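Here's the structure, in structure tokens; my notes come after.
There are 2 protein chains.
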Amino acid sequence: MDGAAGNGRLTAQPTRLRQWLPGLPILEWGRAYDRETLTGDLVAAVIVTIMLIPQSLAYALLAGLPPEVGLYASVAPLVIYAVLGSSRVLAVGPVAVVSLMTAAAIGQFAEAGSPAYWTAAITLAFISGLMLLAMGLLRLGFLANFLSHPVISGFISASALIITASQIKTLMGVKAEGHNLVELLRALLGQLPNIHWLTLAMGLAATAFLLWVRRGLKPLLMRWGVPVRLADTMAKAGPVAAIAATTSFTWALGWHEQGVRIVGTVPQGLPPLTLPAWDMALWRELAAPALLISVVGFVESVSVGQTLAARRRQRLMPDQELVALGASNVSAALTGGFPVTGGFARSVVNFDAGARTPAAGVFTAMGIMLASLLLTPALYYLPQATLAATIIVAVLSLVDVGILKRTWTYSKADFAAVAVTLLATLALGVEQGLVAGVTVSLALYLLRTSRPHIAKVGLVPGTQSFRNVLRHHVLVSPRLVSLRVDESLYFANARVLEDCVNDAVAQQPGLRHVVLQCSAINAIDASALESLEAIAQRLREAGIALHLSEVKGPVMDRLRDTAFMRDLTGKVYLTHYQAIAELTPEVKINALGQ
Amino acid sequence: MDGAAGNGRLTAQPTRLRQWLPGLPILEWGRAYDRETLTGDLVAAVIVTIMLIPQSLAYALLAGLPPEVGLYASVAPLVIYAVLGSSRVLAVGPVAVVSLMTAAAIGQFAEAGSPAYWTAAITLAFISGLMLLAMGLLRLGFLANFLSHPVISGFISASALIITASQIKTLMGVKAEGHNLVELLRALLGQLPNIHWLTLAMGLAATAFLLWVRRGLKPLLMRWGVPVRLADTMAKAGPVAAIAATTSFTWALGWHEQGVRIVGTVPQGLPPLTLPAWDMALWRELAAPALLISVVGFVESVSVGQTLAARRRQRLMPDQELVALGASNVSAALTGGFPVTGGFARSVVNFDAGARTPAAGVFTAMGIMLASLLLTPALYYLPQATLAATIIVAVLSLVDVGILKRTWTYSKADFAAVAVTLLATLALGVEQGLVAGVTVSLALYLLRTSRPHIAKVGLVPGTQSFRNVLRHHVLVSPRLVSLRVDESLYFANARVLEDCVNDAVAQQPGLRHVVLQCSAINAIDASALESLEAIAQRLREAGIALHLSEVKGPVMDRLRDTAFMRDLTGKVYLTHYQAIAELTPEVKINALGQ
């Protein structure tokens, strides 16, 4: 396969045209398809379909769209992903966070539920799909690496909290709008007097039931002697049971006449053929949100895909994933859907249920198609609060409160990135939160590299190694100072080295040699080269020689033809030990004597 | 002094309140002031004053302001800088690039030459001064390090070209406006039929004269036996001679009646007391340009200040400079001036002329004050084209065409930063060019660190050193792979290491040990820690032990309490040689045998 054209090569390889074309993974797994694989895929598809029906309806409502749009978005994208995707088990379709981002992106252009709103959602999926395709063809998958784990974690947790808050209004049977937690909570507080108690009671009961199904049902069934596999499947069917029960009650007791909001008429039939709006003004406005949705969707999808691929020693190809997700989103736009991606929970279920190949996705698509042909009349009396309960229970598991504590212990910079992302997302909204998180994490990284750790090092007795004089018992000479710069030299930190050498010179009056141990210097840019020239000149004027040691190959290649190297008063040593042995033999003798 | 609170410390020191307060360098040099110092300062002040009078008029016109504003901006700021500045020889006042940026910033709010325009310039100086003060008090001087040399060089060169183009209209005796080179050249071409030939002839003559004075006068005078010092001063007085000559001709021959534009009435008197406009809408609009002007002014000032300080083994304190420049700009705003900073050419002249202390600046301010009290009537007949010639000759020396070739040879990334800054500034304007340059240089740096160089290393025979197997003849074992990661591990490159270890494992079937040589890893963030955990787990499942060697102190401190270290299957070695000697004794024996 050509997917190995990533960044992780030990050695560079010539670029071939083949490398730049996306692959067709289906050709690989399709050849080896047999009856056993078919069984695994079919069982997994049944379970995922049962899980996906309520989720797709719920996420469509979360995105502000009619429920059937969720079903539409769960057919074509799954088939397209099966053909192009490099993950064997990723389950593509509507997911919570991307649905929330869709609502945030198009809420400003049209009234939720209106035809214009649906068209905007279709257009958003189309633009996002094109962007993903372009990124894949240009091999830009690596850009997703700039979203750090702390930022993703903070963003997903905050999004889950916003989604929960937005669903509480449905549980309460009231209307309340808001793009962030602050607005939502204020709106909910204002609606407290209008609570529809029957809706709330039913919604809370459904929530409690679903939570219990998640935690308590499987152990209980197993204690009753139900086989693990079946117990697992029954636990996954919890939402379907909740839907069946509340729908039946509503139909039988006429709760909808008492004000319980129901899903109502869901059009029966196959996904329609649709086109995005060819409105350049709208495209311009949707470009930025579409980019954020693309990146978040890609990162969510690749994270779960890589985790699951590693468990079966398979490999995910990020650039191929971009192409597959891009094509899936374009297909969603052409069949009345909205932005989709690989979902976390659903993919894990697919994996655990024994899916072997992406064919499971095709079977799931067929299941959803059947449902949208036959099942929709049965959804008429389905209370919206039940779907809200489904969403709440699903997203609450995404909230990772531990990340704050873990990063606080490990690194304050990572903690700051989590905290800023979390707070900005909660207080301002999903788009602002994501941008703030990325900005802060990059700024903190730049800030750290701009203040490098520079250690004065000495010889560890009995070895040829050098360590920090402040941390280890080492040998030094008053005539020589060894500085180890723990960072690549570039414009933001070049002046710091100048200051540091000046200080070292001022501290040691008898100094004759400065040796820079360059083992941690991975690059020297033009600004840093000018600083090195300035340092060399100042030392030369003070009668002190400047030497380098352990300069890495790529750095040396670059330095070779520069004025700095031509004018260097000292030498370049392969190892720091050679430098010390030659320049201060007394240290070498001391070291051997110990 | 407290200025040593910079970043360049070998060891951290406790923060004292004193460190956070700006200093008063005048207390230091003022105490040792004597007659000899006075003489040096006075001579330098006379020469700088002669140079500053035409420059201040010219730069005020460049900024779109009445010429006397240039004189106003050359009094109070010099005195304030003398009290607060940490450079002994920096000559503060109006400079070309900042004047150009001032025109670009306020041109959109008012008609050049109108009272509202002047007020906007005053307000801009005030805001910029407050920003510099705040950055100084918050010790944010290091932020200027994020402007790389290539970006500064490209920006200054492009600005000089724009300034030259903007002055050609004055030489041609026509009107032409534009914020970038493209607009200016188009406007100039349109004005070709309207050239005022007398103005052009006189302007070109003045330009040629000034160029000759710069290059040829000093050698000529010295050949005639004039002492070096005097020859130098006479060469510096070139612009004054050009002004005297063209003013006399204009007055005597009545050129102004033939259409040669003259400076006209320059109000006689001391700088007025003024206040910025307290218009919040204007402040908001000016905030971004003021920030850019502050940063550019600070960088220009600090660059020349540091160069000159190093020549006399003095030290510049960047945060103190921020305070001094901030207060200078506020004082400019309160006395009818516009944004000022330390000028490159003028400071070098001050230094060469023998200035010893900032008192030279106070004497210069007195000289300018005398000039604005007495000399202004003499400036009535001064042709504007002469001032344009002064500017052109001054800024052309700032154009550094060599930087393109130098960076192209040394590093394509640096070349790209220069080229983008240069082209964006020329094609779009100064503000856009600077922002584009900083963005591109940071993005290229991030891109580089996101694709780290990872080398498979082996033992150099006869030493305890390890080098790249592809570049050196080294010893390796089929049971062990040593990987040296040439970059700190952080979110943008964490996944690359995962891929790389996977590849190495796939290439060596008999592998039992993976040793990561961490000598170039200066930090591991939370995202990279998760990747390391993933790598360790995958290796464990494959029966391969993961070891670390040469982990730096700060990195080890952080890793110590993590789950990664608790679950590590291998060991952490102080040196990579110890790891190899213990894990593959056969390699050690081979190495000693050679």
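Just so you know, the protein sequences line up as chains A and B, in that order. Using our numbering, read the first sequence as starting at 1 and increasing by one per residue. Using our numbering, read the second sequence as starting at 1 and increasing by one per residue. Ideal placement from N, C-alpha and C gives every residue a C-beta, glycine not left out. Model, not experiment: these values are computed from the prediction.
Quick one: using the 10 Å Cβ neighbour count with 16 as the cut-off for buried, is residue i buried or exposed?
i      : result
N194/A : exposed
Q464/B : buried
E36/B  : exposed
G458/B : buried
W224/A : exposed
T49/B  : buried
L275/B : exposed
W197/B : exposed
M280/A : exposed
W118/A : buried
K236/B : buried
P595/A : Missing from the structure shown is residue 595/A; chain A here goes from 1 to 594 and no further.
P585/A : exposed
Q13/A  : Only weak support exists for where Q13/A lies, its pLDDT of 39 falling under 50; the value from the coordinates is given anyway. Burial call: exposed.
G264/A : exposed
Taking residue i as the query, report the chain A residues whose CB atoms sit under 9 Å from its CB, ordered along the chain.
i      : result
L446/B : F146, L442, Y445 and L446
A520/B : D486, S488, S519, A520, I521, N522 and K552
A105/B : Here the premise fails: no neighbours, minimum Cβ distance about 25 Å.
H600/B : Examination of residue 600/B is not possible in this model, given that chain B is present from 1 through 594 alone.
N468/B : K552 and G553
R471/B : G553
Give me the residue from the options with the minimum Cα distance to residue i.
i      : options                           : result
A105/B : V92/B, G64/B, L133/B and S74/B    : G64/B
A504/A : K412/A, L539/A and F491/A         : L539/A
T376/B : R479/B, R356/B and P267/B         : P267/B
F363/A : H453/A, A281/A and I80/A          : I80/A
Q306/A : S531/B, L130/B and T247/B         : S531/B
T425/B : E183/B, T39/B, W255/B and L137/B  : E183/B
H473/B : K456/B, S488/B and L447/B         : K456/B
V240/B : D400/B, A110/B and A371/B         : A371/B
W278/A : N493/A, L325/A, V98/A and A120/A  : A120/A
R392/B : T123/B, L61/B, A165/B and I521/B  : Residue identity differs from the one stated: residue 392/B is Ile in this sequence, not Arg. The candidate whose alpha carbon is nearest that of I392/B is A165/B.
L548/B : A534/B, R560/B and Q517/B         : Q517/B
G510/B : V485/B, I544/B, S397/B and V496/B : I544/B
I524/B : Y445/A, Q508/A and A333/A         : Y445/A
T439/A : S148/A, F491/A and T575/A         : S148/A
Residues of chain A with CB under 8 Å from residue i, in chain order?
i      : result
A523/B : R448
L529/B : Y410
R356/B : What R356/B touches in chain A: nothing, since even the nearest Cβ is about 20 Å away.
Run through chain B and tell me which residues come within less than 7 Å of residue i, C-beta to C-beta.
i     : result
S87/A : Going along chain B, no residue has its Cβ under 7 Å from S87/A, so there is no contact; the nearest lies around 15 Å.
Please compile the residues from chain B whose C-beta is within a distance smaller than 9 Å of the C-beta of residue i.
i      : result
T463/A : Q464, L574, T575, Y577 and Q578
Run through chain A and tell me which residues come within less than 7 Å of residue i, C-beta to C-beta.
i      : result
A526/B : H149, P150, T407, Y410, S411 and D414
A492/B : N145 and F146
Counting only Cβ pairs nearer than 8 Å, list the residues of chain B close to residue i.
i      : result
A581/A : Within 8 Å Cβ-Cβ: nothing; A581/A doesn't reach chain B, min ~11 Å.
If you measure beta-carbon to beta-carbon, which residues of the segment 424-444 of chain B are closer than 8 Å to chain A? Shown in chain order are the members of the segment 424-444 of chain B whose Cβ falls below 8 Å from a Cβ of chain A: S441 and L442.
Can you pull out the residues from the segment 553-567 of chain A whose beta carbon lies closer than 8 Å to at least one beta carbon of chain B? Residues of the segment 553-567 of chain A with a C-beta less than 8 Å from any C-beta of chain B: G553, P554, R558, D561 and T562, listed in chain order.
Please give me, in chain order, every unbroken run of the alpha helix (DSSP H) with length at least 4 that falls completely inside the segment 373-447 of chain A. The qualifying runs are 384-396, 402-410 and 412-428.
Positions along the segment 392-421 of chain B whose CB lies within less than 9 Å of some CB in chain A: Here the close residues are I403, R406, T407, T409, Y410, S411, A413, D414, F415, A417 and V418.
Going along the segment 133-165 of chain A in order, which residues come within less than 7 Å of chain B, judged by CB to CB distance? Listed in sequence order: F142, N145, F146, S148, H149 and P150.
Unbroken stretches of the alpha helix (DSSP H), 4 residues or longer, contained in the segment 530-562 of chain A: Here the runs fully enclosed are 553-559.
The segment 492-514 of chain A: positions lying closer than 9 Å to chain B by Cβ: Listed in sequence order: A492, N493, A494, R495, V496, L497, E498, D499, C500, V501, N502, D503, A504 and Q507.
In chain order, which continuous runs of the alpha helix (DSSP H) of length 4 or greater are located wholly inside the segment 175-242 of chain A? 181-190, 197-212, 218-223 and 228-236, all fully within the segment 175-242 of chain A.
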